[in-house]
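What follows is a short report on a single structure.
Numbering (the working numbering), first residue to last: 20 to 520.
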C-alpha cells in the first residue's frame, strides 16, 4: 500500500473545498487523471483478493443475518423521503441495453436473485422500498459481484449510485466486522453535497448492521477536522469523502488507508474498477481503457443521452428579458401546480454566477415567490438549510450554480430552468437530469441567446437525438437542416413566447 500522501493521487477534483486543500497537490497529480476524475460523480475499486468474492463465484455468507435494534427516529430520517416510481418506470424495461466484453455475467431480474448479502436484501425489501432493480442495477450488480471491471453509462436518475454502492456494502457484510484500523472501503465524491447524499444512501443500506459509514467534507460550516477525527476513532468501515478534506486528514494522520480493501484511489496490482456516469465523452472512454483490465462496457440506452421522460424546451430570450421571462414561467408553474393539486412542485433554476444567484433569489422573493439559493459562497449549514427547505417545498424554488448540477437526487423536481446555459453539452445533460427521474415526467426550459453560440451545434444534436423540438432560431445558429419533429417554421426566432408552449 502506498504512503498516505501518495495513496490518493487518483482523486477527484473537489470544487467546493478551498484552494488551500488543493494547491499543494495540484502539481503532483496527473492532469489526465484529473480530467477523467472530473467526469465522474464517484468511483469504486474493489480488491480482487478478497476470498469471499473470487471472480464469478457466489460469496459464501459467514454468519446468519441478525439485524440490530430499531431506531425509530433514524428510520424516519432515512426512509421517509422516497422518490415514487413514475408512470414511465415500467418503460425502463424497453430501454435498449448493450454490453461488450468477455463472459459478461447474466443480468438479474430481482434483487432477491442477486448475490447481494442477505442483510442488504432485507433492507431493500423491508425498509428502502426498492421493489425492482433499474436496468443499470440489473446488469451492474452481477458484474461488480463477479469482480469485473466495468464502465457503465446510464441516464441521470437511473439508479447508478445504488448500482455501485450496494455491491461495496454487500462485500463489507460478507467480510464481517473487522478489528483493523481505518476504513475497509472508500468512496470519493467531487462535491460535499454529493458526498452527503452518498452517505445518506449508505446509511440506508447499512441500517441495523455493524457497518459504520462516515462522511468527510470541508468548507465553511462543515464539521471540524477534530469532530470528524473523533468519528473515525469511534469506528469506520465505509468512508465517503471529498478529496480536499481527505487529504487534510491523511496529512494529520487522522485516517489510514492501509486496511482499505475497497478503494477509489491509487491502483494496487490487483484491483477492480467500476466507472459510472450519465456522460462518457470519447476522450474519457479512451483514457479509461488505459487502466480498466478485461473490462465490460455497459450502456443503458444511448451514451450521453437524456431520458425521454424530460420535455426539453429552448427559448430565445435576450439577456435583458431573462428575469421578466423567468417570472412569467414561474407564475405559469404556480398555476399548473394549483390546477393539478400538487403539494410539491419544485423548480430548479441554474445560473452562471454566485452574484446572479443571490440577486435573482432576492427579486423572486420580492415578487412573492418562496425561493432559496445555493452556491459556493454560502456556509455549509446554509447550503444544507437551503436544500432541506427546497426538498420539503417550504421554498419550492431553488436558484443554484453548478454546485448541484451533478448527482444530487431530489424528489419532485418538476421543472429545470437554465437561466444561463452552460458552455459544455455534458453539463446541459446533467443539469436537466435533475428532473424526470425514476420514470417521472419532467420539463426543462433553457434560455438561449447569441452568447450561447458555442453550445448551439451540440444542443441541436442533443435535441435531435431525443426527438425534441428544434426551434428555427437554433436550427439556423446550430447549422444543418431537416431537424426532428416539431421544428418551428415561423422563421422569426426572436420572441421568448414563440417556442415550446
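We put the beta carbon where it would ideally sit given N, CA and C, even for glycine. Remember, predicted model here, so these are calculated numbers, not experimental data.
Worksheet entry | Rounded straight-line distance, which links the Cα of residue 352 to that of residue 485 | 24 angstroms
Worksheet item: Relative to the C-alpha of residue 400, which residue among 212, 131 and 477 is closest?
Response: 212
Worksheet item: Using the beta-carbon count (16 or more within 10 Å), is residue 236 buried or exposed?
Response: buried
Worksheet item: Thinking C-beta only, is residue 317 closer than 9 angstroms to residue 260?
Response: no
Item to complete: Would you be able to state if there are at least three C-beta pairs under 8 angstroms between the region 124-138 and the region 335-343?
Response: no
Discussion item. Distance check for residue 185 and residue 408, CA to CA, integer angstroms please.
Written reply: 29 angstroms
Worksheet item: With a Cβ-Cβ cutoff of 9 angstroms, do residue 435 and residue 464 count as a contact?
Response: yes
Discussion item. One question on the structure: do residue 376 and residue 394 come within less than 9 angstroms of each other, judged by their Cβ atoms?
Written reply: yes
Discussion item. Just to confirm before moving on: does the CB-CB distance between residue 383 and residue 346 stay below 9 angstroms?
Written reply: yes
Fill in: Which of helix, strand or coil DSSP assigns to residue 428
coil
Worksheet item: Quick one: is residue 59 buried, meaning 16 or more other Cβ sit within 10 Å of its Cβ, or exposed?
Response: A caution first: residue 59 carries a pLDDT of 34, below 50, which makes its placement in the model unreliable, though a value can still be read off. Under this definition residue 59 is a buried residue.
Worksheet entry | For residue 246, the nearest candidate out of 455, 442 and 233 (CA to CA) | 233
Worksheet item: Could you give the distance in angstroms between the alpha-carbon of residue 489 and the alpha-carbon of residue 172?
Response: 25 angstroms
Worksheet entry | Rounded straight-line distance, which links the Cα of residue 244 to that of residue 265 | 10 angstroms
Worksheet item: Quick one: what does DSSP say residue 228 is sitting in, helix, strand or coil?
Response: coil
Item to complete: Closer than 6 angstroms by C-beta to residue 162: which residues in its own chain qualify, once you throw out the five before and the five after it? Chain order, please.
Response: 124, 169 and 315
Worksheet entry | Boundaries (first-last residue) of the alpha helix (DSSP H) holding residue 208 | Where residue 208 is concerned, there is no enclosing alpha helix (DSSP H), although the beta strand (DSSP E) it sits in stretches over 204-208.
Worksheet entry | For residue 418, the first and last residue of its enclosing beta strand (DSSP E) | 416-419
Discussion item. Please list the terminal residues of the continuous beta strand (DSSP E) segment that includes residue 465.
Written reply: 461-467
Worksheet item: In chain order, what residues of the same chain lie with their CB nearer than 7 angstroms to the CB of residue 156, ignoring the 5 residues before and after it?
Response: 178, 181 and 182
Discussion item. Please state the DSSP three-state secondary structure of residue 129.
Written reply: coil
Fill in: Boundaries of the alpha helix (DSSP H) in which residue 378 is found, first to last residue
373-385
Fill in: Residue burial classification, residue 190 (beta-carbon count within 10 angstroms, cutoff 16)
buried
Worksheet item: What separation, rounded to the nearest whole angstrom, lies between the Cα atoms of residue 117 and residue 294?
Response: 16 angstroms
Fill in: According to DSSP, residues forming a beta bridge with residue 409
According to DSSP, residue 409 bridges with nothing at all.
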